[in-house]
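Residue numbers (my numbering): 7 to 231.
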C-alpha cells in the first residue's frame with residue numbers, strides 16, 4: 007500500500023475510487039461487447055469527483071461515477087493510464103520501472119521473465135561522482151551485468167515509459183528526486199517509444215499476444231485459479 011507520508015493525498019476514498027474505476031471500465035467493455043483492444047486504446051473512463059481531482063480533469067464533481075471522455079491533451083486512457091494499475095505496480099514510496107515492466111510482460115504481453123538469481127546485489131544509491139543516482143542510472147548498472155541484462159533489457163524500457171505517473175498514478179513532470187521525467191524506452195533488438203502513447207503503440211504491435219494473455223487471465227479468474 008502507498009506510504010501516506012510519501013503520498014499524503016492517498017486515502018481510503020481514493021483507494022476505493024481507483025479500484026472502482028477499473029471495475030466499471032472492464033465491466034463496460036464486456037457488457038457492451040467492445041473490442042479487447044479498446045481496453046488499451048479507450049479515450050474514456052469512469053471517474054468521480056475524487057478521481058477527477060487526482061487526474062487533473064475539470065468539471066467532474068460528486069461521488070457518482072460517470073463515463074468521461076478525455077481531451078486530446080490528457081495523458082490517460084485505457085488500463086495503462088488508470089491509477090489502480092499504476093499504484094499496484096509501484097513501491098510504497100516511489101515508482102518502480104522494474105515492477106511495472108515485469109507486470110506488463112506478465113499481464114499484457116504474456117512473456118513473464120524468469121525469477122531473478124538469488125545473489126543479485128542491491129542497486130547503488132550514488133552515481134559515479136557521488137551524487138544521488140536516479141532510478142534510470144541505478145538500473146543501468148543492473149543492465150551492465152550480463153546475468154541481469156537479459157531480463158532487465160526487456161522489463162526496464164516498458165516501465166520507463168510510465169514514469170510520468172507517480173506511485174499513486176498522478177501525472178508528474180519531475181521524479182521523486184526532482185529531476186525531469188525521462189519516459190523514453192528502447193529495446194536492444196530495436197523498437198523505441200516514449201510515454202504512455204508510445205508504449206500503447208508498441209503493445210498494439212503485439213495485439214495477438216495481448217488478446218491471448220487477457221483471455222487466459224480472465225479464464226483463470228473465472229475458474230478461481
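C-beta: ideal position from N, C-alpha, C; glycine also. Nothing here was measured: the structure is a model prediction, and the numbers come from that model.
Here the region 191-206 makes contact with the region 162-171; the two share three or more CB pairs at distances below 8 Å. Runs of the beta strand (DSSP E) lying entirely within the region 30-114, each at least 3 residues long, are 50-53, 72-75 in chain order.
Each of 120, 24, 39 was checked against the Cα of residue 52, and the nearest Cα belongs to 24. Bounds of any alpha helix (DSSP H) do not take in residue 198; it lies within the beta strand (DSSP E) bounded by 198-200. Boundaries of the beta strand (DSSP E) around residue 190: 190-192.
With the rule of 3 Cβ pairs closer than 8 Å, the region 147-157 does not count as touching the region 176-184. The alpha-carbon of residue 201 is positioned some 18 Å away from that of residue 90.
If you check the CB distance, residue 212 and residue 86 do not come in under 9 Å. For residue 221, the enclosing alpha helix (DSSP H) starts and ends at 213-228.
Residue 17 counts as exposed, since fewer than 16 other C-beta atoms from the protein chains shown sit within 10 angstroms of its C-beta. Residue 161 and residue 74 do not touch by the CB rule: their CB atoms are close to 32 Å apart, not below 8 Å.
Within the same chain, and ignoring the five residues on either side of residue 49 in sequence, the residues whose Cβ sits closer than 8 Å to its Cβ are 75, 76, 83.
Of all alpha-carbon atoms in 97, 60, 40, the one lying nearest the alpha-carbon of residue 12 is that of 97.
Bounds of the alpha helix (DSSP H) holding residue 163 are 152-166. For the pair residue 100 and residue 7, the Cα-to-Cα distance works out to about 11 Å. Residue 180 sits in a strand when the DSSP states are folded into three classes. With respect to the C-alpha of residue 55, the residue from 70, 141, 196 having the closest C-alpha is 70.
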